[in-house]
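Enquirer:
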Amino acid sequence: MSVAIVASSKGGNTKKVADALTEALKAKGVDVSYSGSVPVDGAPGAKEARDAVEAATTVLVGFWTDKGDCAPEVAELLSKLSGKRVFLFGTAGFGGSPEYFERILGNVRSHLADSSELVGSAMCQGKMGPAVRHRYEAMQAEHPDDARIQAMIDIFDAALSHPDADDLSSIVRAAEDALGI
678 MSVAIVASSK GGNTKKVADA LTEALKAKGV DVSYSGSVPV DGAPGAKEAR DAVEAATTVL
738 VGFWTDKGDC APEVAELLSK LSGKRVFLFG TAGFGGSPEY FERILGNVRS HLADSSELVG
798 SAMCQGKMGP AVRHRYEAMQ AEHPDDARIQ AMIDIFDAAL SHPDADDLSS IVRAAEDALG
858 I
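Position one of the sequence shown corresponds to residue 678 (the numbering used here), numbered consecutively onward.
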């Protein structure tokens with residue numbers, strides 16, 4: 678089995694998960710032919726990434742959550758994975774709820790090529806950038822009694838430690854189970 682691991686990571690969370698997957702799979706003797714960024718036309722290394730994805734039998738695709746879905750470059754890649762076994766992994770700053778993760782995964786799965794085989798998926802929470810907290814604080818200044826805004830700040834603060842060792846271990850375990858290793 679030849680595996681390519683590609684990830685789109687805006688804040689570093691998804692890259693951290695991709696790195697943990699790469700290390701764990703290589704330690705199990707899996708032929709990880711490529712581990713890096715999602716191929717984007719014109720970007721450095723895009724041809725190498727595209728060639729590795731094309732040659733791999735299994736592709737692990739990582740994404741950060743963008744408005745409840747993956748970024749456009751990930752959606753485009755997923756639509757081109759005809760005949761591939763695919764494992765999806767993602768991070769979401771507002772995560773924590775299995776139902777929320779499942780909604781996101783449903784949206785991301787909808788981009789898969791019809792002939793690809795989804796072998797599994799997993800998500801975890803990831804920290805958000807400081808600009809998000811500043812936006813929440815500005816909202817709270819305008820609406821100091823809004824419990825929903827305080828809950829958003831609390832979720833932001835809870836996400837600061839993610840993805841943590843438990844998150845990484847959980848996603849690695851899910852991938853190993855999905856790949857049968």
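Cβ coordinates follow ideal geometry from the N, Cα and C atoms, glycine included. Source: prediction; values computed, not measured.
#1: Residues in the same chain with beta-carbon distance under 6 Å from D844, minus the five sequence neighbours each way, listed in chain order, please.
#2: Curious, which full-length beta strand (DSSP E) runs of at least 3 residues does the region 740-774 contain?
#3: In three-state DSSP terms, what is D844?
#4: Where does M678 land, buried or exposed, given buried means 16+ other C-beta within 10 angstroms?
#5: Residues in the same chain with beta-carbon distance under 6 Å from I830, minus the five sequence neighbours each way, listed in chain order, please.
#6: Is it buried or exposed, T699, if we count other Cβ atoms within 10 angstroms and call 16 or more buried?
#7: State whether the region 733-751 contacts the region 681-688, with contact taken as three or more CB pairs (one from each stretch) at a distance under 8 Å.
#8: Residues in its own chain within less than 7 Å of G783 by CB, not counting five upstream and five downstream?
Expert: Here's the rundown:
#1: For the purposes of this step, residue 844 is taken as the residue at position 167 of the sequence shown. The residues are C801.
#2: 762-769
#3: Counted from its first residue, the sequence shown places residue 844 at position 167. Reduced to three states, the DSSP call for D844 is helix.
#4: As a first step, residue 678 is located in the sequence shown; it is residue number 1 there, counting from the start. Flag for M678 reads exposed.
#5: On the sequence shown, residue 830 is found 153 positions in, with the first residue counted as 1. Hits under 6 Å: Y813.
#6: Taking the first residue of the sequence shown as position 1, residue 699 is located at position 22. Flag for T699 reads buried.
#7: yes
#8: Here residue 783 refers to the residue found at position 106 of the sequence shown. Excluding residues within five positions, none has a Cβ falling inside 7 Å.
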